[in-house]
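Q: So that you can map any letter, position 43 of the sequence shown is 43 in UniProt numbering, and since no number is skipped, the others follow by simple counting.
Following this message is one structure expressed as structure tokens.
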Amino acid sequence: MSGRGKSGKSRAKAKTRSARAGLHFPVGRVHRFLRKGNYAERVGAGAPVCLAAVLDYWAAEVLELAGNAARDNKRTRIIPRHLQLAIRKDEELSKLLGSVTIAQGGVLPKIQDLLLSK
């Protein structure tokens with residue numbers, strides 16, 4: 001016996017809010033952080049979905065640029081140096097993450113014009 005009573009119908013497989021929205025970031029966890037973070041007294045149902053979508057987009061953007069930087073250096077694995085190069089070369093990401101320090105990221109290569117041969 002299935003334990004479902006006389007109807008015998010089984011329940012549909014549970015689907016997460018992340019899967020419904022087509023996201024990789026966990027909507028439920030973002031919702032919990034919004035509630036526990038004392039940002040507002042109440043949190044709407046659409047707010048964590050929207051925030052998870054934004055985080056998903058930013059992560060995809062940074063990973064794509066870092067993957068390109070790794071490929072330019074003939075590497076198959078992304079390291080913090082590739083993240084640093086990708087973020088600092090992109091104008092919008094550099095402005096957004098301007099005050100962020102990336103451990104083991106190094107610095108951007110820059111040669112002063114004065115030192116270049118004439």
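Cβ coordinates follow ideal geometry from the N, Cα and C atoms, glycine included.
Computed from a prediction, not measured in an experiment: that's the story for all the values here.
1) Going by DSSP, what residue range makes up the alpha helix (DSSP H) through ASN73?
2) Quick one: what's got a C-beta closer than 6 Å to VAL30's C-beta in the same chain, skipping five residues either side?
3) With contact counted as at least three CB pairs below 8 Å, one residue from each stretch, are the stretch 68-84 and the stretch 95-110 in contact?
4) Going along the chain, which unbroken runs of the beta strand (DSSP E) with 3 or more residues stay wholly within the stretch 21-91?
5) Roughly how far, in whole angstroms, is the beta-carbon of ALA59 from the beta-carbon of ILE78, given that I think they are within contact range, below 8 Å?
6) Figure out for me which residue from ASN68, THR101, GLY28, TYR57 has the closest Cα to the Cα of VAL43.
7) Counting C-beta neighbours from all protein chains within 10 Å, is the total for ALA69 16 or more, i.e. buried, or is it exposed?
8) Quick check on ARG11: does DSSP put it in helix, strand or coil?
9) If contacts are defined as beta-carbon pairs under 8 Å, then VAL62 and LEU93 qualify, I think. What distance do you get, rounded to the angstrom?
A: Concretely, from the data shown:
1) Note, ASN73: premise wrong, no alpha helix (DSSP H); not H, not E.
2) PRO48, LEU51, ALA52
3) Yes, they touch.
4) none
5) Contact doesn't hold; Cβ gap of about 12 Å is too wide.
6) GLY28
7) buried
8) coil
9) 7 Å
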